[in-house]
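A.B. asks: Structure below; questions to follow.
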Amino acid sequence: SLEPDEFTSINLEGDGEILHEFANEAREHLENIEQGVLVLEENPQDATTLSSIFRAFHTFKGASGFLRLQPVNRLSHELENLLDLARSNRLELTPPIIDIILEGKDILKNFTDELQLQLDLKKPVEPIHVPVNELTVRVKAVIANPHAPVEAKPSATQDAAEPARKTPS
């Protein structure tokens with residue numbers, strides 16, 4: 014069983030300027046990751062592209078750690094470790110591994126989009142849900158055993174099989 018997903022709060026008053034900078038840089042890194050993955054799908058041995066994607070996650074890790082965005086920091090750290098295995102030729106970039114990288118990018122993009130809405134005051138400033146736990150568990154499993162088959166993402170039908178429980182009011 015997984016830990017419940019985390020929420021992370023932002024300090025708009027104290028960190029507003031640096032959060033704006035983080036969001037702007039994050040979009041650049043996300044674009045680099047997405048473009049890089051397209052290259053890796055065609056040429057998984059492209060060391061330059063792999064290093065570029067690694068650096069993007071590394072920068073996410075550092076900036077999110079500085080801003081105390083713990084779930085973002087944890088996910089980017091694990092993805093950085095995964096990419097480091099690939100850079101050292103201890104992990105083959107198969108389609109399921111590339112899917113994991115894309116899932117991580119999507120989670121970080123959704124976080125960045127939500128952050129931007131709050132920074133622009135288009136949504137109330139409130140804790141941001143960052144659903145990292147399921148993916149982090151899968152990434153850690155790959156890191157622990159890089160030659161094992163990769164566990165696929167749980168399907169939407171499995172999620173739908175677990176309806177939200179309403180508490181009586």
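Each residue of the sequence shown is one higher than the one before, starting from 14 at the first, in our numbering. Glycine included, C-beta positions come from ideal geometry on N, C-alpha and C.
1. What would DSSP say about T183, mapped onto helix, strand or coil?
2. If I follow the unbroken alpha helix (DSSP H) through E41, where does it start and stop?
3. Alpha carbon to alpha carbon, how far is L63 from N158?
4. What do you get for R151, buried or exposed, if any count of 16 or more other CB atoms within 10 angstroms of its CB means buried?
5. Would the region 30 to 45 count as touching the region 95 to 103 if we require 3 or more Cβ pairs under 8 Å?
6. So, with DSSP's three-state summary, where would you put H4?
7. Measure the beta-carbon distance from D18 to N123 and round it to whole angstroms, keeping in mind my assumption that it falls under 8 Å.
8. Might you give, ordered along the chain, the residues of its own chain that have their beta carbon closer than 8 Å to the beta carbon of V50, omitting 5 neighbours on each side?
C.D. replies: Working from what's here:
1. This structure does not reach residue 183, given that the chain is present from 14 up to 182, and the question cannot be answered.
2. 25 to 55
3. 20 Å
4. buried
5. no
6. In the structure displayed, the chain extends from 14 to 182; residue 4 sits before or after that span and is not available.
7. Contact flag wrong, Cβ pair sits at about 12 Å.
8. I66, I111, I114, L115, K118
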